[in-house]
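Numbering of the sequence shown is given in the working numbering, commencing with residue 13 and proceeding in unit increments. A virtual CB, placed ideally from N, CA and C, is assigned to each residue, including glycine. Remember, predicted model here, so these are calculated numbers, not experimental data. Step one of this worksheet: look at the structure below.
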Amino acid sequence: MIKNRISLKDKIKIPHYSLSEELVNAVSHGIGALFSVAALVLTVVFSVWKGNVWGVVSSAIYGGTLIILYTMSTLYHSFKVNNAKRVFRIIDHCSIYLLIAGTYTPYTLVSLRGPVGWTLFGVVWGAAILGIIFNSIDMNKYKIISMIAYIAMGWVIVLAAKPLYES
């Protein structure tokens, strides 16, 4: 038996939401997941129609991360407060990193391309992976790191503003 083991209940705190708030969150995020599937299909079809292989790849990545985010959030808000909800809270927060990186993907692989695009792609996806690791280890302990990472990932596009504008 492991001594000083911290339970999931003690480690992951769930904010209090009323039943109606949870219902609205679950339904609205479920609708978002359905719209995400439509967005994935439309962007991939449009990229195929344009004959843009990188457009197809980046649309699939972006659409996939959008579906993951809304689906995980729907599941998180669908459970009563138990260990499943605690696990989905972690996954829900980790999927934010995926969506941020997924949102950058079309810009880095289609609009920028080349060394600048691939560098930005690597930096953003690397930051997403690190953020997921920290959130998975302990969301509360690394809360500040997570917030800084979310903000930094959002603003890193400023580094490529000129080449993006010129593309």
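Check: Taking buried to mean at least 16 other C-beta atoms within 10 Å of its own C-beta, is L54 buried or exposed?
Finding: Here the question's residue 54 lines up with position 42 in the sequence shown. Exposed, by the Cβ-count rule.
Next item on the list: Consider the C-beta atom of G44 and the heavy atoms of the ligand GDP; say whether any pair is separated by less than 7 Å.
Entry: By its list of ligands, the structure shown contains no ligand whatsoever, and the ligand GDP lies outside what it can speak to.
Next item on the list: Just mark K174 as buried or exposed, buried being the case when its beta carbon has 16 or more other beta carbons within 10 Å.
Entry: Numbered from 1 along the sequence shown, position 162 holds the residue referred to as residue 174. K174 should be labelled exposed.
Item checked: Classification of A50 by the beta-carbon crowding that lies within 10 angstroms, buried from 16 upward -> Along the sequence shown, one-based indexing puts residue 50 at 38. Its Cβ having fewer than 16 others within 10 Å, A50 is exposed.
Next item on the list: Determine the direct distance from the alpha carbon of N147 to that of V69, and round the result to whole angstroms.
Entry: One-based indexing of the sequence shown puts residue 69 at position 57. One-based indexing of the sequence shown puts residue 147 at position 135. Within the model, the alpha-carbon separation for V69 versus N147 is close to 27 Å.
Notebook entry, point to check: Looking at C-alpha atoms only, which residue of G42, M84, V57, K92 is the closest neighbour of L110?
Noted result: Residue mapping note: residue 110 aligns to position 98 of the sequence shown, counting from 1. Nearest option by C-alpha distance: M84.
Checklist line | Same chain only: Cβ atoms within 8 Å of M151, ignoring 5 sequence neighbours per side | finding: As a first step, residue 151 is located in the sequence shown; it is residue number 139 there, counting from the start. Counting only Cβ-Cβ distances below 8 Å, and skipping sequence neighbours, we find I24, R101, I102, H105, S158.
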